[in-house]
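For the sequence shown, the positions run 7 to 613 when my numbering is used.
Where is the CB? At the ideal position from N, CA and C, for every residue including glycine.
Being a predicted model, the structure only gives us computed values, none of them experimental.
Shown next, in structure tokens, is the structure this report addresses.
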Amino acid sequence: MCGIVAYNGSIAAQEPILHGLERLEYRGYDSAGVAIQKDGKLQVERAKGRLHALVERLSDGPMEGTVGIGHTRWATHGEPNVANAHPQVSNDGNFALVHNGIIENFQTLKNALISEGYSFQSDTDTEVAVNLIQKYYDGNLKEAVARATGDIRGTYAFAALSAHEPDTLVVARMDSPLILGVSEDGVFAASDVAALLDYTKKVIYLEDGDLVTIGAQGYTIENQGEVVEREVVDVPWDATQATKEGYDHFMIKEIHEQPKALRDSLIRKVSGGTVDLSDSSYTREEILAFDRIYMSACGTAFHAAEVGKRALEDALGREVQAEVASELRYYMPFITEKSLVIVISQSGETGDTLAVVKEAQKRGAQVLAVTNVVGSSIDRASDKVIHCDAGPEISVASTKAYSTQLLSLFLLALDFGEKVGRYSPEEVRARVKELSEIPDTIEKMLEKTIPEVDAIAEKISKKDSIFYLGRGLDYLSAKEGALKLKEISYIHANALPSGELKHGTIALIEEGLPVVTIITQSELVEKSISNVKEVKARGAHTIVLTNDEAPEVDSVADDKILIPKTSDLYAPLISVLPQQLLAYKTSVLLGNDVDKPRNLAKSVTVE
Ligand code: M6R
Numbered sequence: 007m008c009g010i011v012a013y014n015g016s017i018a019a020q021e022p023i024l025h026g027l028e029r030l031e032y033r034g035y036d037s038a039g040v041a042i043q044k045d046g047k048l049q050v051e052r053a054k055g056r057l058h059a060l061v062e063r064l065s066d067g068p069m070e071g072t073v074g075i076g077h078t079r080w081a082t083h084g085e086p087n088v089a090n091a092h093p094q095v096s097n098d099g100n101f102a103l104v105h106n107g108i109i110e111n112f113q114t115l116k117n118a119l120i121s122e123g124y125s126f127q128s129d130t131d132t133e134v135a136v137n138l139i140q141k142y143y144d145g146n147l148k149e150a151v152a153r154a155t156g157d158i159r160g161t162y163a164f165a166a167l168s169a170h171e172p173d174t175l176v177v178a179r180m181d182s183p184l185i186l187g188v189s190e191d192g193v194f195a196a197s198d199v200a201a202l203l204d205y206t207k208k209v210i211y212l213e214d215g216d217l218v219t220i221g222a223q224g225y226t227i228e229n230q231g232e233v234v235e236r237e238v239v240d241v242p243w244d245a246t247q248a249t250k251e252g253y254d255h256f257m258i259k260e261i262h263e264q265p266k267a268l269r270d271s272l273i274r275k276v277s278g279g280t281v282d283l284s285d286s287s288y289t290r291e292e293i294l295a296f297d298r299i300y301m302s303a304c305g306t307a308f309h310a311a312e313v314g315k316r317a318l319e320d321a322l323g324r325e326v327q328a329e330v331a332s333e334l335r336y337y338m339p340f341i342t343e344k345s346l347v348i349v350i351s352q353s354g355e356t357g358d359t360l361a362v363v364k365e366a367q368k369r370g371a372q373v374l375a376v377t378n379v380v381g382s383s384i385d386r387a388s389d390k391v392i393h394c395d396a397g398p399e400i401s402v403a404s405t406k407a408y409s410t411q412l413l414s415l416f417l418l419a420l421d422f423g424e425k426v427g428r429y430s431p432e433e434v435r436a437r438v439k440e441l442s443e444i445p446d447t448i449e450k451m452l453e454k455t456i457p458e459v460d461a462i463a464e465k466i467s468k469k470d471s472i473f474y475l476g477r478g479l480d481y482l483s484a485k486e487g488a489l490k491l492k493e494i495s496y497i498h499a500n501a502l503p504s505g506e507l508k509h510g511t512i513a514l515i516e517e518g519l520p521v522v523t524i525i526t527q528s529e530l531v532e533k534s535i536s537n538v539k540e541v542k543a544r545g546a547h548t549i550v551l552t553n554d555e556a557p558e559v560d561s562v563a564d565d566k567i568l569i570p571k572t573s574d575l576y577a578p579l580i581s582v583l584p585q586q587l588l589a590y591k592t593s594v595l596l597g598n599d600v601d602k603p604r605n606l607a608k609s610v611t612v613e
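The following block contains the structure:
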């Protein structure tokens, strides 16, 4: 949700902390702050709004000092303002703390602290934690943080400084991502690797319960009072992947990166012309023994899950369930030790999806994760993992992650289908060949489609509402298109199965209302065209996205985007691209902050 960067080393701390926060701004961006220790004093600066507001405040003179903490926030407790920004400072001014996560029992702890004479300036749960640290401080910051975390129920990634211990930084993790970065110039702590790529690629993924003391000479990790060793691993991403590289926004860069992301993903999952998921998949016996298969995720990843469900059902000839994670986590009566739960998450940190992993495992189920972030919480918690290989996705609106999630699920379905004998090896090879050609197809389509989409975006950017229609897989693709548009353009967008229109929603169709209809499913073309006719007859502005060249489409479409033909099952991999472009261009025309849409954050670790 929020972004943490902390540093203790030999160079001035402000620059790497601000630089890291800039890289993490996509995680939260309603306020930001930094605290740096110098000569036994804590210097603290905070600002409401985007990071540049904080940078401006610091422009008169940088803070000196080589130990510091920084934070970019997505509000959970209290509105976004300076008082609620992090770092939060203790009553005596000697402790500063940045925090990601939620302290569930903060009100009880706060009441107790108030009765002991503490006062509070913010609405945050973090201010409670920093005052607990003050309360427990007895000459050792690490011990004070450990005692404070002992009182806390909830989730946290903490980074704490004390004026009493000029050379010490203490960080702690519980159910909220936190990594260490090790470089020649010192040790970093951060919420994710994007913050560190310009300084080091050597990272340590901390575990829940880890408490780390970072001193001038290095770091010590403890868990439940014992010193533990954690592996230092090399991150496969490089720093340029986390920059815009000349594009105006990360989103458009990431849209254009899809062919490459899909190729990278194929390289790692295909060998000798067929699917090779190695240990990331299950044996024939295991697949046949699963009593139920569930797929679960949130947002865009859930839209990928819904398409993946269809692919798996085709491959296995049996029912597969798809449930949003925020629901499944609280209601999974039928998941047992015989079940398989497939979760999908770009970040690997989504709180609801992680909760599904843990709850399903509690019931003894197998969990297979499809995730983009190696070392993320979901990656590490799951029994098996398929990595999407999309590279870092920075824009809040997910694009290349979605297409690589689809590809990963299609390949998983082929693997399962062949193992259970529903697909022949030749059939699998043919389908792998088709999937392998899609990156080139998309590349060519992007060039052609951009001007067509731009012209349509001009029209819809003036509207307040838009509908998306589709049947079967086209409906699932339309859902993703509508989500993309609403989250970055703020135009109301509603996706529905075309056939449902007449059961109520058609009442909303009026002169000039844009209706986007996706038509790629060969069996359903005629029926979908009838639905376009229905809305056209009521004055809608009809926009049809299709791979069918039937003249009938031309007669009903006010605007048409022709996309390349694929087999029906793989059509969402293609049809999503013009929809991503449409959302992007509309958002740009409206002057919105495309990569950081209002009220949203990239990684939703809270409920
Ligand atoms: O990191 P995850 O894939 O688990 O994130 C799930 C959703 O929060 C995410 O897909 C969200 O819907 C995107 N902003 C959509 O563009």
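Buried versus exposed call for residue i [16 or more other C-beta atoms within 10 Å across all chains shown]
i: S430; result: exposed
i: V238; result: exposed
i: W365; result: Reading the sequence as shown, one finds Glu at residue 365 and not Trp. So E365 ends up on the buried side.
i: L514; result: exposed
i: N378; result: buried
i: K47; result: exposed
i: Y408; result: buried
Residue i CB to nearest heavy atom of the ligand M6R below 7 Å
i: E28; result: no
i: G357; result: no
i: E493; result: yes
i: Q352; result: yes
i: V610; result: yes
i: V402; result: yes
i: A163; result: no
i: A407; result: yes
i: C4; result: The requested residue 4 is not part of the displayed model; the chain covers only 7 to 613.
i: K490; result: yes
i: L606; result: yes
i: A267; result: no
i: A307; result: yes
Distance between residue j and residue i (C-alpha atoms, nearest Å)
i: E149; j: I348; result: 40 Å
i: A499; j: E399; result: 24 Å
i: I139; j: A102; result: 9 Å
i: L268; j: D395; result: 8 Å
i: I580; j: P570; result: 8 Å
i: T479; j: G314; result: This sequence places Leu at residue 479; Thr is not what is there. Their backbone Cα atoms lie some 10 Å apart in a straight line.
i: Q352; j: S128; result: 33 Å
i: T206; j: Y32; result: 20 Å
i: S37; j: K425; result: 51 Å
i: A375; j: R63; result: 43 Å
i: E669; j: V218; result: Missing from the structure shown is residue 669; the chain here goes from 7 to 613 and no further.
i: E251; j: R29; result: 14 Å
i: E171; j: H25; result: 25 Å
i: Q247; j: A403; result: 17 Å
i: A484; j: V241; result: 35 Å
i: P457; j: D601; result: 21 Å
i: R79; j: L60; result: 12 Å
i: E529; j: D574; result: 9 Å
i: L475; j: I512; result: 11 Å
i: V281; j: Q372; result: 21 Å
i: P445; j: M301; result: 26 Å
i: T226; j: R369; result: 35 Å
Whole-number beta carbon distance between residue j and residue i, since they are thought to touch under 8 Å
i: A169; j: Q43; result: 7 Å
i: S471; j: L519; result: 6 Å
i: P68; j: Q20; result: 5 Å
i: S286; j: V177; result: With 8 Å as the limit, S286 and V177 do not qualify as a contact, their Cβ atoms being about 31 Å apart.
i: L441; j: Y253; result: With 8 Å as the limit, L441 and Y253 do not qualify as a contact, their Cβ atoms being about 26 Å apart.
i: A317; j: F416; result: 5 Å
Test item: CB-CB of residue i and residue j under 8 Å
i: A196; j: G107; result: no
i: L491; j: L588; result: yes
i: V233; j: K208; result: no
i: A81; j: K54; result: no
i: A89; j: I109; result: no
i: T405; j: I384; result: no
i: C8; j: H77; result: yes
i: I220; j: L272; result: no
i: K344; j: F422; result: no
i: A307; j: I341; result: no
i: F194; j: V11; result: yes
i: L322; j: L418; result: no
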